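Asks: Please find one structure pasted underneath; my questions will follow.
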Amino acid sequence: MNYKTTALLPLGWLYGMVVTLRNKFFDMGILKSRSFSIPVIGVGNITVGGTGKTPHIEYLIRLLQTKHSVAVLSRGYKRKTKGFVLADDNTTMEDIGDEPYQMHRKFPDISVAVDEKRCDGVARLSAEEKSDVILLDDSYQHRYIKPGLNILLIDSNRMINDDCMLPAGRLREPSKNIDRADMIIVTKCPKEMRPIDYRVLEKNAGVLPFQQLFFTTLEYGELRAMKGHADTPTPMLSDTNVLLLTGIASPRQMMEDVKPMCRTCTPMIFGDHHAFTKEDIRKISDRFNTMPEPRIIVTTEKDETRLLQADGMTEDIQKVTFVLPIQVRFLGDKEKTFNKIITDYVRKDSRNS
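In terms of my numbering, the sequence shown opens at residue 69 and continues consecutively.
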């Protein structure tokens, strides 16, 4: 699919020149990339919009946390604090941002921190938290750190071969810069793919000979009540009319997936990282009340954290709102290969640190 806005192409070319110059400064050593003795795994993308970073980082947490002390470091997008913040029992979403807050709540035994100066953040997590491995969230363009493993995510629905630079397209930097990645994961793939589908995606990803290529799809967990309402009976999706409430970058896949699961699916879409207001909650309630019964609201884990903070989010609305968790599943027979690369790297570098 073509995402170009032709009128903005000159601005895209200008932006591309600036990004290319910056990358050359790093390549030439004028700007410095710092390596660390502790294992550091970067997870990022080369486009704007959702490629599934959070569920892939959560996959890495689950893979590593039983044998290693895991830390996640993010810049904390849209947080209301500055500097280094390490999440604890008193941390709020405003302190660290919605996605770090989600991971902190889901994985209370790992360290979750934010710092706009991520070199400082890695140094503090290594020294103060004694972390064995640090997962860098949205780090592909943050070249002041050189991860030991660099994982690049590409959305299968928005391949980069026919895209162009912001603001005309969705590329954060030229597509040839995928050469910094050690591993490339094509995300949000169809659950069933033919051999030719793999070949087409591999060609469109532009994978280089030294890079490992993987494919993942999204899978949904068990529908659950919102936090604080565990005693609310969970309905069967197939029996209900669903108001699908999302504030994520790429809701289309979820809409397509949920539609066959329920009687009817009415989408209500907000922007990525949307801070829900009292007026938003009123509109959600009004839309919900026009739907036929039986009816429920279904949302994402990321949206749950922001909805619970919203002014006007009453108990009555919370009790009819349910969360549909997502996880990633590797396609083909390469999940063991991926896991081995990750665990071998962490074990080897942990011994050397």
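Backbone N, C-alpha and C fix where the C-beta goes; we use that ideal spot for every residue, glycine too.
Values in this document were obtained by computation on a predicted structure and should not be read as measured data.
May I ask you to check if the CB of Met-304 is nearer than 8 Å to at least one heavy atom of the ligand ZN?
Replies: The ligand ZN is not among the ligands present in this structure, which contains no ligands whatsoever.
Asks: In three-state terms, what does DSSP make of Asn-420?
Replies: Per-residue confidence for Asn-420 stands at a pLDDT of 49, beneath the threshold of 50, marking its modelled position as unreliable; no derived number is given.
Asks: Can you give me the C-alpha to C-alpha distance between Asn-420 and Ser-137, rounded to a whole angstrom?
Replies: Because Asn-420 carries a pLDDT of 49, less than 50, the predicted location of this residue cannot be relied on, and no value is offered for it.
Asks: If you check the beta carbons only, do Pro-204 and Gly-144 fall under 9 Å apart?
Replies: At residue 204 the sequence reads Leu, which differs from the Pro that was named. No, they are not a contact pair.
Asks: Helix, strand or coil, according to DSSP, for Thr-88 in the structure here?
Replies: In the structure shown, Thr-88 sits in a helix (DSSP, three-state: H, G or I).
Asks: What is the C-beta distance between Ser-199 and Ala-139, in whole angstroms, given that I count them as a contact (C-beta under 8 Å)?
Replies: With a Cβ gap of about 4 Å, Ser-199 and Ala-139 count as contacting.
Asks: Starting from the Cα of Gly-118, find the closest Cα among Lys-351, Leu-286, Pro-277, Phe-278 and give me that residue.
Replies: Taking only the C-alpha atoms, the option nearest Gly-118 is Leu-286.
Asks: Who are the near neighbours of Lys-214 in its chain, counting only those whose CB is closer than 7 Å to its CB and skipping five residues on each side?
Replies: Excluding residues within five positions, the ones whose Cβ falls inside 7 Å are Ser-101, Arg-102, Ser-103.
Asks: Tell whether a beta-carbon distance below 9 Å holds between Met-161 and Gln-377.
Replies: In contact: Met-161 and Gln-377 (Cβ atoms closer than 9 Å).
Asks: What three-state label does DSSP hand Asp-250 in the structure shown?
Replies: Asp-250: coil per DSSP, three-state reduction.
Asks: Once DSSP output is grouped into helix, strand and coil, what is the label at Met-336?
Replies: Three-state result, Met-336: strand.
Asks: Please state whether DSSP places Leu-204 in a helix, a strand or coil.
Replies: Leu-204 falls in the strand class under three-state DSSP.
Asks: Would you call the region 236-247 and the region 188-197 touching, i.e. three or more CB-CB distances under 8 Å?
Replies: No, because fewer than three Cβ pairs between the region 236-247 and the region 188-197 fall closer than 8 Å, the two stretches do not touch.
Asks: Leaving aside the five residues before and after Arg-248 along the sequence, list all residues of the same chain whose C-beta is less than 7 Å from its C-beta, in chain order.
Replies: Around Arg-248: Asn-218.
Asks: Only counting the same chain, and skipping five residues up and downstream in sequence, which positions put a Cβ closer than 7 Å to that of Leu-76?
Replies: Pro-235, Ala-236.
Asks: Which term fits Met-96, buried or exposed, when burial requires 16 or more other beta carbons within 10 angstroms of its beta carbon?
Replies: When all chains shown are included, Met-96 counts as exposed.
Asks: Could you tell me the distance, in whole angstroms, from the CA atom of Ser-142 to the CA atom of Ala-181?
Replies: Between Ser-142 and Ala-181, the C-alpha separation is close to 7 Å.
Asks: What first and last residue would you give for the beta strand (DSSP E) that runs through Asn-245?
Replies: Note, Asn-245: premise wrong, no beta strand (DSSP E); not H, not E.
Asks: Keeping to the same chain, check which residues put their C-beta closer than 7 Å to that of Ile-364; ignore five residues upstream and five downstream.
Replies: The answer, listed in chain order, is Pro-303, Thr-308, Val-310, Val-388, Phe-390.
Asks: Return the chain-ordered list of same chain residues with a C-beta closer than 6 Å to the C-beta of Val-275, the five sequence neighbours on each side being excluded.
Replies: Excluding positions up to five away in sequence, the list reads Ile-252, Leu-281.
Asks: Return the residue from the list Val-87, Asp-384, Ser-105, Lys-256 that minimises the CA-CA distance to Val-396.
Replies: Checked all of Val-87, Asp-384, Ser-105, Lys-256; the closest Cα to Val-396 is Lys-256.
Asks: Using C-beta distances below 6 Å, list every residue in its chain close to Asp-231, excluding the 5 sequence neighbours before and after it, in chain order.
Replies: Only Tyr-71, Gly-237, Arg-238, Leu-239 meet the Cβ criterion.
Asks: Could you tell me the distance, in whole angstroms, from the CA atom of Asp-250 to the CA atom of Leu-220?
Replies: Looking at the two C-alpha atoms, the distance is approximately 8 Å.
Asks: What does the alpha-carbon distance come out to for the pair Arg-147 and Phe-406?
Replies: Each residue's Cα considered, the two are about 33 Å apart.
Asks: Spatial neighbours of Pro-328 within its chain, please: CB distance less than 7 Å, with the 5 preceding and 5 following residues excluded, ordered by chain position.
Replies: For Pro-328, where only same-chain residues beyond five positions count, there are no Cβ hits under 7 Å.
Asks: Please return the same chain residues whose Cβ sits closer than 7 Å to the Cβ of Leu-128, not counting the five positions on each side in sequence.
Replies: Ile-109, Leu-203, Ile-410.
Asks: Look up Ala-191 in the DSSP assignment and say whether it is helix, strand or coil.
Replies: In this structure, Ala-191 counts as helix in the three-state DSSP scheme.
Asks: Which two residues bound the contiguous beta strand (DSSP E) that contains Asn-309?
Replies: Unbroken beta strand (DSSP E) run through Asn-309: 309-314.
Asks: So, with DSSP's three-state summary, where would you put Phe-282?
Replies: Reduced to three states, the DSSP call for Phe-282 is strand.
Asks: Got a sec? Which residues, its chain only, sit under 6 Å from Gly-112 by beta carbon, not counting five neighbours each side?
Replies: Within the same chain, Gly-112 has close Cβ partners Asp-206, Ser-207, Tyr-208.
Asks: Please identify the residue among Arg-186, Cys-187, Asn-158, Glu-184 whose C-alpha is closest to the C-alpha of Arg-173.
Replies: Ranking Arg-186, Cys-187, Asn-158, Glu-184 by Cα distance to Arg-173 puts Asn-158 first.
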